[in-house]
Structure formats: C-alpha cells, structure tokens
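So the sequence shown is numbered by the working numbering: it starts at 76 and just counts up by one. Presented below is the structure to which this report refers.
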Amino acid sequence: MRAFSRTDMGRRREMNQDYMYTSEMPVGNLPNLYVLADGMGGHNAGDYASRYTAETIVHSVQASRETSPIVILRDAIWKANQAVVEKSGTDIDLEGMGTTVVAATVIGSELCVANVGDSRLYIVGEYLEQITKDHSYVQEMVRRGELRPEIARIHPDRNIITRAVGGGPEIEVDFFEVDLRENDRILMCSDGLTDMLEDREIFEIIKAGTDSGSIVDTLVDVANQYGGNDNITVILTEPFMW
Numbered sequence: 076m077r078a079f080s081r082t083d084m085g086r087r088r089e090m091n092q093d094y095m096y097t098s099e100m101p102v103g104n105l106p107n108l109y110v111l112a113d114g115m116g117g118h119n120a121g122d123y124a125s126r127y128t129a130e131t132i133v134h135s136v137q138a139s140r141e142t143s144p145i146v147i148l149r150d151a152i153w154k155a156n157q158a159v160v161e162k163s164g165t166d167i168d169l170e171g172m173g174t175t176v177v178a179a180t181v182i183g184s185e186l187c188v189a190n191v192g193d194s195r196l197y198i199v200g201e202y203l204e205q206i207t208k209d210h211s212y213v214q215e216m217v218r219r220g221e222l223r224p225e226i227a228r229i230h231p232d233r234n235i236i237t238r239a240v241g242g243g244p245e246i247e248v249d250f251f252e253v254d255l256r257e258n259d260r261i262l263m264c265s266d267g268l269t270d271m272l273e274d275r276e277i278f279e280i281i282k283a284g285t286d287s288g289s290i291v292d293t294l295v296d297v298a299n300q301y302g303g304n305d306n307i308t309v310i311l312t313e314p315f316m317w
C-alpha cells in the first residue's frame, strides 16, 4: 500500500487551515489510517481546529481496544468533536472554530470511510466515483432537486457547510464501506481542489498521469492555475501494490 499527498496554501489565503495525516503502517487496531481536515474559524482557529481534530483522532485510534473499524472511527470523531467544542469554550481566540473531516482505512480489499462536512473521498477506477456526501447548504439543495449540480459548483453559498466537527455537543457522522477492485485508487481532497476542478478534469488528470506522486502535484498545480481560491490538500492512495 502506498500513499502520496500534498497540502498547499493556495493563492488567496494567508495561512493553510487544511491538515492531513497518513500512515500506511498500523495505527492501533487499524492496519492503516488516512485523515484529512479542512478547518474554519478566525485567524488561527481554523488551523488549530483541523490539526487538533486530526491529532485527537489518531490518538483515539491508537488507544482504542475496539476491533470494528467503523466503531473505531466513530468513537475517534466523537472524541475529536468533544475536544474541539470544549477547547473553543476556553479560549476566545478559538471561539466558533470547527472543521470538516474525512477519515479512511483499508482492510484487505474493503475500504471503510467516515466523513463530516464537504471534504471528499473518491474511488478512482474505470470512472471517478464520489463515495462521501457533502454536508453543505448547496448540496442539500441538489439532493432535494432544487439546484443543478453544475450550478452548485459556482453557487455563492457553496462553502456553507451543514455539519462540522466542533459545531455542537452532538455530531452526526456518515459511514461508508466499499469493496475495492484491483486497480482502484483512493482520492481524498479538500474543497480547495473540487471548487477549482470539475470531477471530469480530476479524472482526466489522474488517468493521464504516469505515477501517483506526480498526479498529486499536477492536481494541486492546476487548482492553483485556476485561481487557487482556497487551501488545497490531496491524498492519493494505491491500496494494492501495482
């Protein structure tokens, strides 16, 4: 198993509020772990929220005695939410902070995913398949049939999310379990990528690339060429050694 990743501030932000963690080696009872968080808040709050969330998730996974990957990820995100909520109440500079999170692990040929917010996980195979569902205002409108997907990408309220770690004492997490095929790759990314590139363009870049490391660089570079309006983070994982 191999993972290639990059995070970039983009061209419009003064700091990078994205944070990522990757481990191809076991973390607690999970054989591997990948976490991507996109923070929000004031000057330092978003940066702190994403890093604190990812670190709390990793520590929780390391300490967990559970064997079910879904339970391990669920408990870790619950603990991260509680930690962020409590921390934001003790420091005025961190008040109102929050973050998206998408976390994944591969066990054999099964992918287990948890997400909150609008950071995404895709399976890249014969086509690009979005596994996670965006918890955002415009995507809720799309699901209700009130907005066309192509309009959602440019809607002025597209970055308003409806669920976040740190958004309240209770948190609702989505979980997905996917059977992987031999040549599948896993793409995790923040909205700094998907706001700049359409899914079709992402898929074309991946399919045209010669290796996953250069593909990650190309995705980030193209997002910056298109404007780089937000921080950009990309993790591209090869579950099976080719």
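For each residue, glycine too, the CB sits at the ideal point set by N, CA and C.
Which same chain residues end up closer than 8 Å to residue i when comparing Cβ atoms and leaving out the 5 residues on each side of it in sequence?
i       : result
Asp-168 : Gly-117, His-118, Asn-119, Ala-120
Asp-296 : none
Arg-86  : Asn-299, Gly-302, Gly-303, Asn-304
Ile-290 : Phe-79, Ile-280, Ile-281, Gly-284, Leu-311
Glu-99  : Met-76, Arg-77, Ala-78, Asn-107
DSSP puts residue i in a beta bridge; with which residues?
i       : result
Met-90  : For Met-90, which the question treats as bridged, DSSP gives no partner whatsoever.
Phe-251 : Val-188
Trp-174 : Correcting the residue type first, residue 174 is Thr in the shown sequence and not Trp. DSSP lists Gly-114, Val-240 as partners of Thr-174.
Val-102 : Leu-105
Thr-180 : Cys-187
Arg-260 : Val-199
Ser-211 : Ile-236
Glu-204 : Ile-198
Met-95  : Leu-111
Since residue i is in the beta strand (DSSP E), which residue starts that stretch and which ends it?
i       : result
Gly-114 : 108–115
Arg-81  : 77–83
Leu-196 : 195–199
Val-146 : Run containing Val-146: none in the beta strand (DSSP E); it sits in the alpha helix (DSSP H), 144–163.
Leu-311 : 307–313
Counting only the same chain and skipping the five closest in sequence on each side, list residues whose C-beta sits under 7 Å from that of residue i.
i       : result
Ser-163 : Leu-169, Glu-170, Gly-171, Met-172, Gly-241
Gly-288 : Phe-79
Arg-256 : Gly-200
Leu-105 : Val-136, Pro-144, Ile-147, Thr-180
Val-191 : Ile-152, Thr-175, Val-176, His-210, Arg-238, Ala-239, Val-240, Ile-246, Val-248
Val-97  : Reading off the sequence shown, one finds Thr at residue 97, where the question assumed Val. Cβ within range, chain order: Ala-78, Ser-80, Tyr-109, Ile-310.
Thr-131 : Lys-154, Ala-155, Ala-158
Tyr-127 : Ala-158, Val-159, Lys-162
List the endpoints of the continuous alpha helix (DSSP H) containing residue i.
i       : result
Arg-126 : 120–138
Met-294 : Reading off the sequence shown, one finds Leu at residue 294, where the question assumed Met. 287–300 is the extent of the alpha helix (DSSP H) around Leu-294.
Ile-167 : Run containing Ile-167: none; DSSP gives neither H nor E here.
Leu-268 : 266–269
Glu-276 : 274–283
Which same chain residues, not among the five before or five after residue i, have their C-beta less than 6 Å away from its C-beta?
i       : result
Trp-317 : Caution applies to Trp-317, whose pLDDT of 48 falls short of 50 and renders its modelled position unreliable; the value that the coordinates give is listed next. Within the same chain, Trp-317 has no close Cβ partners at all.
Asp-274 : Leu-203
Phe-251 : Val-188, Ile-206
Cys-264 : Arg-195, Val-309
Met-216 : Leu-222
According to the neighbour-count rule (16 or more other Cβ atoms, all chains shown, within 10 Å of its Cβ), is residue i buried or exposed?
i       : result
Gly-114 : buried
Asp-166 : exposed
Pro-231 : exposed
Asp-286 : exposed
Thr-142 : exposed
Ser-184 : exposed
Met-271 : buried
Ile-229 : exposed
Pro-244 : exposed
Ala-138 : exposed
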